[in-house]
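Each remark here refers to the structure printed beneath this line.
Numbering (this note's numbering), first residue to last: 1048 to 1333.
Below is the structure:
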């Protein structure tokens, strides 16, 4: 199956990044948001992201304009009905995603591939909701999608070989590195990453070391680009909490249970970089 037109549902950090990558690599992209305010905010962020690529010499002005011309936005889900591939990037909530997949299964063409960007939720549950489980697949990008090239391609027992092949070819066409995995909570990366982050947070809670020193140790001792606590702030503490809750429910293992300080920060609305404060303070200093 040839993919030419991509739909993306959700234009936040992840959805916007996915739109950016697809448009730069030549795809026509229709992005849908819940209301005009969110849509405009998402499109504004998209344009700024493309403009930064020009400033850094990664795109020419002409390439920016061509990419921007491939992007259209709507608040009507029916706008993606004729797309060849639809990728959802909405809130990490199983009920919300199931309702969305049920509607996409109703309005999209029978051959349309429906993909989820979920980082931990059940692909099989979404596939069942769509009533076309053979056409449902996980295409999990990492934050930020414009920088991190890895994509987890996740299949359920019902995903057809044709759908898997089309998803792999699509990821290759947008210059992503792929890893294959079957449907299991957290897939590959988050199943390894979440306990690692939580161990680091618990070390801070226990007074073993500061967040700064733990992150420094991982950066220079393990050669990680970013330490685990800074990574938590980048992911978004609310997103991390949602991921951990679904994994703890699935596995029941203490290593997946969210630390107290993570829950406290989320309850205070300190969600990491996106709100200016999390485990670290990102408020601009004068």
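Just so it is clear, CB atoms sit at the ideal spot from N, CA and C, and this is done for glycine as well.
- By Cβ distance below 7 Å, which residues in the same chain neighbour residue 1335 in space, the five residues on each side in sequence not counted? Any question about residue 1335 goes unanswered here, given that the chain covers just 1048 to 1333.
- Query: Which residues does DSSP pair with residue 1201 in a beta bridge?
  - Reply: If you number the chain shown from 1, residue 1201 lands on position 154. Residue pairing by DSSP places residue 1201 opposite 1185, 1228 in a beta bridge.
- Identify, in the order they occur along the chain, each residue of the same chain with its Cβ nearer than 6 Å to the Cβ of residue 1180, setting aside the five sequence neighbours on each side. The count along the chain shown starts at 1 and reaches residue 1180 at position 133. Taken in chain order, the residues that qualify are 1174, 1205.
- Query: Under a three-way DSSP split, which group does residue 1169 fall into?
  - Reply: One-based indexing of the chain shown puts residue 1169 at position 122. Note: residue 1169 maps to coil in three-state DSSP.
- Message: Let me check understanding here. Comparing Cα to Cα, which of 1283, 1067, 1138, 1295 lies closest to residue 1033?
- Response: Any answer about residue 1033 is impossible in this case: the structure gives the chain only from 1048 up to 1333.
- Residue of 1079, 1308, 1196 minimising C-alpha distance to residue 1122: As a first step, residue 1122 must be located in the chain shown, where it is residue number 75. Checking every option, the nearest Cα to that of residue 1122 belongs to 1079.
- Query: Buried or exposed: residue 1182, going by 16 or more other Cβ atoms within 10 Å of its Cβ?
  - Reply: On the chain shown, position 135 is the one that residue 1182 refers to. Residue 1182 should be labelled buried.
- Task: Report buried or exposed for residue 1142, applying the criterion of at least 16 other Cβ atoms within 10 angstroms of its Cβ.
- Result: If you number the chain shown from 1, residue 1142 lands on position 95. Flag for residue 1142 reads exposed.
- Message: According to DSSP, is residue 1319 part of a helix, a strand, or is it coil?
- Response: As a working note, residue 1319 is residue 272 in the chain shown. In this structure, residue 1319 counts as strand in the three-state DSSP scheme.
- Item | Assigned secondary structure, residue 1278 (DSSP; H/G/I helix, E/B strand, else coil) | One-based indexing of the chain shown puts residue 1278 at position 231. Residue 1278 falls in the helix class under three-state DSSP.
- Identify, in the order they occur along the chain, each residue of the same chain with its Cβ nearer than 8 Å to the Cβ of residue 1061, setting aside the five sequence neighbours on each side. As a position in the chain shown, residue 1061 is number 14, starting the count at 1. Cβ neighbours of residue 1061 beyond the five flanking positions: 1136, 1164, 1188, 1190, 1192.
- Identity of the residue in 1096, 1166, 1275, 1215 nearest residue 1286 by Cα: Translated into positions along the chain shown, residue 1286 becomes position 239. Ranking 1096, 1166, 1275, 1215 by Cα distance to residue 1286 puts 1166 first.
- Query: DSSP three-state call for residue 1067: helix, strand or coil?
  - Reply: Counted from its first residue, the chain shown places residue 1067 at position 20. In the structure shown, residue 1067 sits in a helix (DSSP, three-state: H, G or I).
- Query: Going along the chain, which residues of its own chain have a beta-carbon closer than 6 Å to the beta-carbon of residue 1203, five neighbours each way excluded?
  - Reply: Within the chain shown, the letter at position 156 stands for residue 1203. Only residues of its own chain outside the window of five on either side were considered, and among them 1170, 1171, 1174, 1230 have a CB closer than 6 Å to the CB of residue 1203, listed in chain order.
- Message: Using only the alpha-carbon positions, how far apart do residue 1157 and residue 1129 sit?
- Response: Taking the chain shown and counting its residues from 1, the one referred to as residue 1157 is at position 110. Taking the chain shown and counting its residues from 1, the one referred to as residue 1129 is at position 82. If you draw a straight line from the Cα of residue 1157 to the Cα of residue 1129, it is about 10 Å long.
- Consult DSSP for residue 1102 and reduce its assignment to one of helix, strand or coil. To locate residue 1102, count along the chain shown from 1; it is residue 55. Note: residue 1102 maps to helix in three-state DSSP.
- Message: Beta-carbon within less than 6 Å of residue 1251's beta-carbon, same chain only, minus the 5 sequence neighbours each way: which residues are those?
- Response: By one-based count along the chain shown, residue 1251 stands at place 204. For residue 1251, where only same-chain residues beyond five positions count, the Cβ hits under 6 Å are 1258.
- Message: Could you tell me which whole alpha helix (DSSP H) segments of length 4 or greater appear in the segment 1105 to 1164?
- Response: 1108 to 1116, 1141 to 1154
- Assign residue 1177 to buried or exposed, taking buried as 16 or more other Cβ atoms, counted over all protein chains shown, within 10 Å of its Cβ. If you number the chain shown from 1, residue 1177 lands on position 130. Burial call: buried.
- Going along the chain, which residues of its own chain have a beta-carbon closer than 8 Å to the beta-carbon of residue 1198, five neighbours each way excluded? On the chain shown, position 151 is the one that residue 1198 refers to. 1186, 1187, 1188, 1189, 1218, 1223, 1224, 1225, 1226, listed in sequence order.
- Item | Neighbour-count burial assignment, residue 1330, 16 or more Cβ in a 10 Å radius | Sequence index remark: in the chain shown, residue 1330 carries index 283 (1-based). Per the 10 Å Cβ criterion, exposed.
- Count the other CB atoms within 10 Å of the CB of residue 1047; is the residue buried (16 or more) or exposed (fewer)? There is simply no residue 1047 to check, as the chain begins at 1048 and stops at 1333 in what is shown.
- Message: Measuring alpha carbon to alpha carbon, tell me which residue in 1093, 1104, 1211, 1064 is nearest residue 1115.
- Response: As a position in the chain shown, residue 1115 is number 68, starting the count at 1. Comparing Cα positions, the closest option is 1093.
- Identify every residue that forms a DSSP beta bridge with residue 1077. In the chain shown, the residue the question calls residue 1077 occupies position 30. Paired residue(s): 1054, 1119.
- Based on the DSSP secondary-structure assignment, which residues constitute the bridge partners of residue 1328? Looking up residue 1328 in the chain shown gives position 281. In the DSSP output, where bridge partners are listed per residue, residue 1328 has 1324.
- Do residue 1325 and residue 1280 have their CB atoms nearer than 7 Å? For the purposes of this step, residue 1325 is identified with residue 278 of the chain shown, where counting begins at 1. For the purposes of this step, residue 1280 is identified with residue 233 of the chain shown, where counting begins at 1. If you check the CB distance, residue 1325 and residue 1280 come in under 7 Å.
- Whole-Å CB distance - residue 1168 paired with residue 1150, under 8 Å assumed: As a first step, residue 1168 is located in the chain shown; it is residue number 121 there, counting from the start. As a first step, residue 1150 is located in the chain shown; it is residue number 103 there, counting from the start. Not a contact, Cβ separation roughly 17 Å.
- Message: How far does the alpha helix (DSSP H) with residue 1288 in it extend, from its first residue to its last?
- Response: Taking the chain shown and counting its residues from 1, the one referred to as residue 1288 is at position 241. Element bounds for residue 1288: 1284 to 1298.
- Message: The alpha helix (DSSP H) that contains residue 1210, what's its start and end?
- Response: If you number the chain shown from 1, residue 1210 lands on position 163. Looking at the DSSP string, the run of the alpha helix (DSSP H) that includes residue 1210 is 1208 to 1220.
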